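S.K.: First, the structure itself, so that you have it in front of you.
Residue numbers (our numbering): 3 to 324.
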């Protein structure tokens, strides 16, 4: 197995350094109350299979606290939030605040209708964070325990994809990891497996690389796209080259590809990045805005929260011989 090295080629490009420090964190978690949410859209897409998830992701590492809306700008962020008309089965956020605490908030309500989402995304909460819009189909309940991001102590995780069979994911988990599960999703099990590998490897880079190598081998047709926020690093994972685009559940909702949001038809699982003088941003497809660059296929990188330096993880290619 190959793992990340300090001299690995950058995935996104160079960034400037920052002198901030990152002490040990404590976790603050807030869950919004559940709401009753039933839609014909979910029922129509139910043929996708139990556990099917398609979601949107936004991650950032900046030199100073920033509001999520300012990561994209007011109008582009409105366009991102408008994707909740499709990805409307909950939302979640996580950030590192000025006290070096990791905070996480999630709600099963649609981001487009939840005033708490509007309040938090317009507040400069931290210099590093993530936003997740969830689309859940295939029978999994829209409930707090199934809403991203998932948390474990100092770690926060959000996923965009569908990993099946979920029984195989369960087989990868130790009894200790299984005991920590709260919900029924493949995404939470994916997170637990990453945390398990980090614990067994003794380092974040080696553990994440080991977990992804196993996941790519066991689930080569899945989208493993994810953001993992730790006390020192934001991991950006873009692995999906054999995942169907558009997903069958998405095709069922539209009469033609032209009616879908930007790039949802042919690049549903694509991720883009942007490096500015004082920040690194990463986002899922769905916006039609200039200034972004495609993340290379089947790649993963770690962004240092102190320096914003980007190091690429050394992954094996997806394929039958992996």
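C-beta atoms are modelled at their ideal positions from N, C-alpha and C, and glycine is treated no differently. A quick note: this is a predicted structure, and the numbers were derived from the prediction, not measured.
Classify residue 77: buried if its beta carbon has 16 or more other beta carbons within 10 angstroms, exposed otherwise.
M.R.: Exposed is the call here.
S.K.: Name the residue from 108, 204, 239 whose alpha carbon lies nearest to the alpha carbon of residue 163.
M.R.: If we check each option's Cα against that of residue 163, 239 comes out closest.
S.K.: Can you have a look at residue 116 and say buried or exposed, based on whether 16 or more other CB atoms are within 10 angstroms of its CB?
M.R.: Buried, since its Cβ has 16 or more Cβ neighbours within 10 Å.
S.K.: On a CA-only basis, which of 317, 207, 271 is nearest residue 305? Give me that one, please.
M.R.: Taking only the C-alpha atoms, the option nearest residue 305 is 207.
S.K.: Could you please give the first and the last residue of the uninterrupted beta strand (DSSP E) stretch that includes residue 109?
M.R.: From DSSP, the beta strand (DSSP E) with residue 109 extends over 104 to 109.
S.K.: Can you grab the Cα-Cα spacing for the pair residue 311 / residue 187, in whole Å?
M.R.: About 32 Å.
S.K.: Quick check: what's the CA-CA separation for residue 174 versus residue 224?
M.R.: Approximately 16 Å, taken between the alpha carbons.
S.K.: May I ask which residues mark the beginning and end of the beta strand (DSSP E) holding residue 60?
M.R.: That run of the beta strand (DSSP E) goes 58 to 68.
S.K.: Taking the beta strand (DSSP E) that residue 184 belongs to, which residues open and close that run?
M.R.: It is not in any beta strand (DSSP E) - residue 184 carries neither H nor E in the DSSP assignment.
S.K.: Ends of the alpha helix (DSSP H) at residue 83?
M.R.: Start and end: 76 to 84.
S.K.: Which parts of the region 178 to 251 are runs of the alpha helix (DSSP H), unbroken and 4 residues or longer, counting only runs that do not cross its ends?
M.R.: Fully enclosed alpha helix (DSSP H) runs of 4 or longer: 188 to 203, 206 to 220.
S.K.: So residue 193 and residue 210 are in contact, right, with Cβ under 8 Å, and what is the actual spacing, rounded?
M.R.: With 8 Å as the limit, residue 193 and residue 210 do not qualify as a contact, their Cβ atoms being about 11 Å apart.
S.K.: Among the residues of its own chain, which have a CB less than 6 Å from the CB of residue 119, if the five just before and after it don't count?
M.R.: Hits under 6 Å: 93, 113.
S.K.: Can you have a look at residue 296 and say buried or exposed, based on whether 16 or more other CB atoms are within 10 angstroms of its CB?
M.R.: Burial call: exposed.
S.K.: By Cβ distance, which residues of its chain are closer than 6 Å to residue 133, with the 5 residues on each side in sequence left out?
M.R.: Excluding positions up to five away in sequence, the list reads 60, 70, 95.
S.K.: Is the separation between the beta-carbon of residue 151 and that of residue 106 shorter than 8 Å?
M.R.: Cβ distance < 8 Å, so residue 151 and residue 106 count as in contact.
S.K.: How many Å lie between residue 308 and residue 189 at the Cα?
M.R.: If I take the Cα positions, the gap works out to 28 Å.
S.K.: Pull up the distance between the alpha-carbon of residue 160 and that of residue 230, whole angstroms please.
M.R.: So the alpha carbons of these two residues sit roughly 7 Å apart.
S.K.: The alpha helix (DSSP H) that contains residue 172, what's its start and end?
M.R.: Element bounds for residue 172: 168 to 174.
S.K.: Start and end of the alpha helix (DSSP H) containing residue 157?
M.R.: From DSSP, residue 157 is part of no alpha helix (DSSP H) but of the beta strand (DSSP E) over 157 to 162.
S.K.: DSSP state of residue 149, grouped into three classes?
M.R.: Of the three classes helix, strand and coil, the one that applies to residue 149 here is coil, per DSSP.
S.K.: How many angstroms separate the CA atom of residue 169 from the CA atom of residue 66?
M.R.: Approximately 42 Å, taken between the alpha carbons.
S.K.: Starting from residue 122 and walking both ways along the alpha helix (DSSP H), at which residues does that stretch end?
M.R.: Residue 122 -> alpha helix (DSSP H) spans 117 to 123.
S.K.: Look at the alpha carbon of residue 301 and the alpha carbon of residue 279, and state the distance between them as a whole number of angstroms.
M.R.: Approximately 23 Å between the Cα atoms of the pair.
S.K.: DSSP on residue 71, reduced to helix/strand/coil?
M.R.: Helix.
S.K.: Return the first residue and the last residue of the beta strand (DSSP E) that residue 314 is part of.
M.R.: Element bounds for residue 314: 312 to 314.
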